[in-house]
Structure formats: C-alpha cells, structure tokens
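In what follows, a single structure is set out as structure tokens and then discussed.
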Amino acid sequence: MEQGKIAILGGGNLGSSIVKGLLKSNFPGEKIIVTRRRTHLLENFKKEKVIITEDNCYAVKQANMVIIAVKPHQIFSLLSEIKDQIKPEQHILISTVTGVSIKEMGDVTGNIPLYRVMPNTAIALCESMTCIASMDTNQERKGKIIGLFDKLGKTVIINEELMGAATVLGACGIAFALRFMRAVSQGGIEIGFGAELSQQITAQTIKGASSLILESDNHPEQEIDKVTTPMGITISGLNEMEHQGFSSALIKGLITSYNKLGMLSKK
Ligand SMILES: NC(=O)c1ccc[n+]([C@@H]2O[C@H](COP(=O)([O-])OP(=O)(O)OC[C@H]3O[C@@H](n4cnc5c(N)ncnc54)[C@H](OP(=O)(O)O)[C@@H]3O)[C@@H](O)[C@H]2O)c1
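What the sequence shown shows, in my numbering, is residues 9 to 275, in sequence order.
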C-alpha cells in the first residue's frame with residue numbers, strides 16, 4: 009500500500025495538534041485532510057494547503073490512514089457514518105479516542121485494520137509520547153504506523169489493556185507536568201524573579217531534568233543525589249516538599265484520574 013493521504017476526523021485540540029506535527033515533520037499539507045463541523049476554526053491550516061472539510065466520507069475516500077480524534081461519545085456515530093467508505097485493502101483506522109476498545113470499534117467497522125494510539129498534545133512539536141496498541145499481525149502495516157508516529161515523537165507498543173494507564177501517564181501527564189511547572193514558576197516569583205523570567209528558567213530547567221533521564225538510563229534519584237549536598241539547601245527543600253505530601257499528591261492524582269477513567273468507560 010502506498011503512503012497516500014492522511015485523514016484526521018475531528019480537528020479539535022488533539023486533531024489540530026496532529027496536523028501541526030505532521031506539517032512540522034515535513035509531511036506535505038496537500039496530503040492531509042482534516043474534518044470538523046465548525047470548519048472555520050481550521051482556517052489557519054489553509055495556508056499550508058491542508059484540505060479542510062466537514063465531509064467525513066469524502067475525507068475517508070481520499071485517504072489511506074484515517075485518524076479518529078473525536079470525543080468518546082462521538083465515535084460510534086462517526087464510525088457508522090464512514091463505515092461504508094472504509095475498505096480493508098485501502099485503509100488503516102487509527103483511533104486516539106480514550107476508553108473505546110478495538111473490539112468495540114471493530115463491531116461497527118467489520119474487518120478493517122484497527123489501531124489505538126495514545127499521543128499527547130506535544131505531538132504538535134513532534135515531541136509526543138505515543139503508546140500504540142493493535143491486534144494487527146501485518147508487520148508492514150504496523151511498521152507504517154510506528155514510522156508515522158516516530159516522526160511525531162517517541163513511540164512504544166503496549167497491550168491494549170494498558171491504554172487507560174497510557175492515557176493518564178502520557179496524555180493527562182502533559183497537564184500534570186504543566187501544573188508542576190506553574191507552581192515552581194510561581195515560587196520563583198516569590199523569591200525574586202519577574203513572571204516571564206521565572207517561567208523561562210523553570211521551563212528550561214524541567215526540560216534539562218527530562219533530558220538527563222531520557223539521555224541516560226539513570227533513575228531520577230541518581231541525578232537528585234548529584235544535586236543534594238549533605239545538610240544543603242536542595243535536600244532541605246526536597247524534604248519539606250515530601251513532608252507536605254509532594255510525591256504522595258502526584259501518585260494519588262494519577263490514581264484518581266485512572267479510577268475516573270474506569271468509571272467513565274463503564275458508563
Ligand atoms: N486532548 C488531548 O490531549 C488528548 C490526548 C490523547 C487522546 N485524546 C483523545 O482524543 C479525542 C479528541 O480529544 P480533544 O481533546 O481533541 O477533543 P476536542 O478538542 O473536543 O476535539 C474533538 C473535535 O471533534 C470534532 N467533531 C465532533 N464530531 C465530529 C464529527 N461527527 N465529524 C467531524 N468532527 C467532529 C469537534 O469539532 P466540531 O464541534 O467543530 O465538529 C471537535 O473539535 C478524545 O477522544 C480524547 O480522548 C485527547
């Protein structure tokens with residue numbers, strides 16, 4: 009199967025981020041079709057030659073890869089709308105939708121190669137962490153999907169049962185990390201920096217901390233040990249944060265999100 013057009017059905021927060029990432033990775037704009045009902049909100053992409061339409065069936069007919077990025081309650085009516093246009097020899101269907109299983113999608117679409125992916129909004133900058141799950145045994149197709157998302161950040165193949173956990177850690181994780189960043193940055197203002205400079209120092213410091221882990225196999229605590237002088241200022245601050253429940257708050261927050269996801273999926 010030739011690499012043809014990519015259709016993104018649902019150009020909202022994530023769908024638009026995927027379009028931005030594709031463009032940043034030099035995927036040609038004229039090979040991207042993006043849909044939503046309020047198409048005027050996608051006008052910005054026109055200058056990049058991206059095809060914008062509200063017609064999901066038209067988008068599917070033009071494309072080989074179809075990425076679904078609508079809300080969970082919208083996916084089944086969308087699948088019913090496009091199912092007659094999806095051909096096993098032409099299409100791969102890729103869902104970003106939280107809490108909807110491959111089996112549930114397959115019950116509507118029939119015999120179509122189906123993938124579930126869980127990226128995050130950093131996909132706009134080709135810095136996503138994308139978890140991928142599928143039952144597809146066709147290695148060529150699998151390679152194409154991995155190759156596509158590798159260009160948009162890092163990818164990992166997981167069992168579908170871990171998709172809920174991937175949603176919380178990877179997708180919600182962006183919000184958790186940014187709230188952490190906001191808090192640190194506000195602390196920076198209290199100790200003397202202007203808001204802008206405090207944010208800049210905080211963001212680059214967090215990026216540096218991430219790189220220290222991503223570019224080594226070190227455990228975070230090994231890198232922390234290098235910064236904490238006995239009786240020093242770093243360990244005093246860290247221990248105070250732990251006394252106030254820092255790690256515990258983060259872990260409890262993650263588990264709360266995970267439990268909420270479980271409750272919503274059962275509805
Ligand atoms: N946001 C994230 O960080 C993230 C990360 C990973 C996965 N996800 C998953 O990605 C999906 C989308 O999330 P989101 O945050 O991007 O939501 P969102 O901003 O609400 O985007 C969904 C978009 O779908 C469009 N839409 C709804 N019905 C449609 C239809 N029948 N045909 C075409 N477009 C339609 C809506 O636009 P109109 O109203 O104009 O049609 C809306 O812009 C969700 O299932 C979510 O679980 C999100």
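C-beta atoms are modelled at their ideal positions from N, C-alpha and C, and glycine is treated no differently. Remember, predicted model here, so these are calculated numbers, not experimental data.
For a quick check, are the C-beta atoms of Val42 and Gly20 less than 8 Å apart? Within the sequence shown, residue 42 is the residue found at index 34, counting from 1. Within the sequence shown, residue 20 is the residue found at index 12, counting from 1. For Val42 and Gly20, no; Cβs fall outside 8 Å.
Would you say the beta carbon of Val44 comes nearer than 7 Å to a heavy atom of ligand 1? The count along the sequence shown starts at 1 and reaches residue 44 at position 36. First, the amino acid is wrong: residue 44 is Arg here, not Val. Indeed, a heavy atom of ligand 1 lies less than 7 Å from the Cβ.
Count the other C-beta atoms from every protein chain shown that fall within 10 angstroms of the C-beta of Met113, then say buried if there are 16 or more, exposed otherwise. As a working note, residue 113 is residue 105 in the sequence shown. So Met113 counts as buried.
According to DSSP, Ser136 sits in a beta bridge with which residue or residues? Counting from one through the sequence shown, the residue named residue 136 turns up at place 128. Looking at the DSSP output, Ser136 shares a beta bridge with Gly161.
Any heavy atom of ligand 3 within a distance shorter than 7 Å of the CB on Lys79? Ligand 3 is absent from the structure shown, which contains only ligand 1.
Contact check, Thr104 vs Ala77, beta carbons under 8 Å: Here residue 104 refers to the residue found at position 96 when the sequence shown is read from its first residue. Here residue 77 refers to the residue found at position 69 when the sequence shown is read from its first residue. Taking 8 Å as the Cβ cut-off, Thr104 and Ala77 qualify as a contacting pair.
Which whole runs of the beta strand (DSSP E) in the segment 15–103 are 3 residues long or more, in chain order? 40–43, 59–61, 71–76, 100–103
Does any heavy atom of ligand 1 sit closer than 7 Å to the C-beta of Thr138? Taking the first residue of the sequence shown as position 1, residue 138 is located at position 130. It does not: the Cβ of Thr138 is nowhere closer than 7 Å to a heavy atom of ligand 1.
Coil, strand or helix - Ser142 by DSSP: For the purposes of this step, residue 142 is taken as residue 134 along the sequence shown, with counting starting at 1. It is a strand residue.
Which of the three DSSP states, helix, strand or coil, is assigned to Met239? In the sequence shown, counting from the first residue as 1, residue 239 sits at position 231. For Met239, the three-state secondary structure derived from DSSP is coil.
Rounded to whole angstroms, what's the CA-CA distance from Met239 to Leu246? Just pull it up for me. Numbered from 1 along the sequence shown, position 231 holds the residue referred to as residue 239. Numbered from 1 along the sequence shown, position 238 holds the residue referred to as residue 246. Rounded to the nearest whole angstrom, the C-alpha separation of Met239 and Leu246 is 12 Å.
Val125 by DSSP, collapsed to three states: which one? For this step, residue 125 is matched to residue 117 along the sequence shown. Note: Val125 maps to strand in three-state DSSP.
Can you tell me whether Lys268 is helix, strand or coil according to DSSP? As a working mapping, residue 268 is identified with position 260 in the sequence shown. Three-state DSSP puts Lys268 in a helix.
Taking just the CA atoms, how far does Ser273 sit from Ala257? As a first step, residue 257 must be located in the sequence shown, where it is residue number 249. As a first step, residue 273 must be located in the sequence shown, where it is residue number 265. In a straight line, the C-alpha of Ala257 is about 24 Å away from that of Ser273.
How about the segment 171–183 and the segment 204–217: do they share at least three Cβ pairs that are nearer than 8 Å? no
Assign Leu222 to buried or exposed, taking buried as 16 or more other Cβ atoms, counted over all protein chains shown, within 10 Å of its Cβ. Residue mapping note: residue 222 aligns to position 214 of the sequence shown, counting from 1. It is exposed - the Cβ of Leu222 has fewer than 16 other Cβ atoms within 10 Å.
Within 7 Å: the Cβ of Thr210 and any heavy atom of ligand 1? As a first step, residue 210 must be located in the sequence shown, where it is residue number 202. Thr210 Cβ: outside cutoff for every heavy atom of ligand 1.
Is Lys13 helix, strand or coil by DSSP? Within the sequence shown, residue 13 is the residue found at index 5, counting from 1. In the structure shown, Lys13 sits in a strand (DSSP, three-state: E or B).
Can you give me the Cβ contacts of Glu10 inside the same chain, cut-off strictly under 6 Å, excluding the 5 residues immediately before and after it? Locating residue 10 in the sequence shown gives position 2, where the first residue counts as 1. At Glu10, the pLDDT of 48 sits below 50, so the modelled position is not reliable and the matter cannot be decided from this model.
Could you check if Val68 belongs to the surroundings of ligand 1, using beta carbon to heavy atom distance under 7 Å? Along the sequence shown, one-based indexing puts residue 68 at 60. Outside the cutoff, so no.
Just checking Thr129 against ligand 1 - is the residue's beta carbon closer than 7 Å to any of the ligand's heavy atoms? Here residue 129 corresponds to residue number 121 of the sequence shown, with the count starting at 1. Yes - ligand 1 has a heavy atom lying nearer than 7 Å to the Cβ of Thr129.
Less than 7 Å between the CB of Leu86 and some heavy atom of ligand 1, yes or no? Counted from its first residue, the sequence shown places residue 86 at position 78. Flag set: Cβ of Leu86 near ligand 1.
Measuring from the CB of Gly20, is there a heavy atom of ligand 1 at a distance below 7 Å? Residue mapping note: residue 20 aligns to position 12 of the sequence shown, counting from 1. At least one heavy atom of ligand 1 is nearer than 7 Å to the Cβ of Gly20, so yes.
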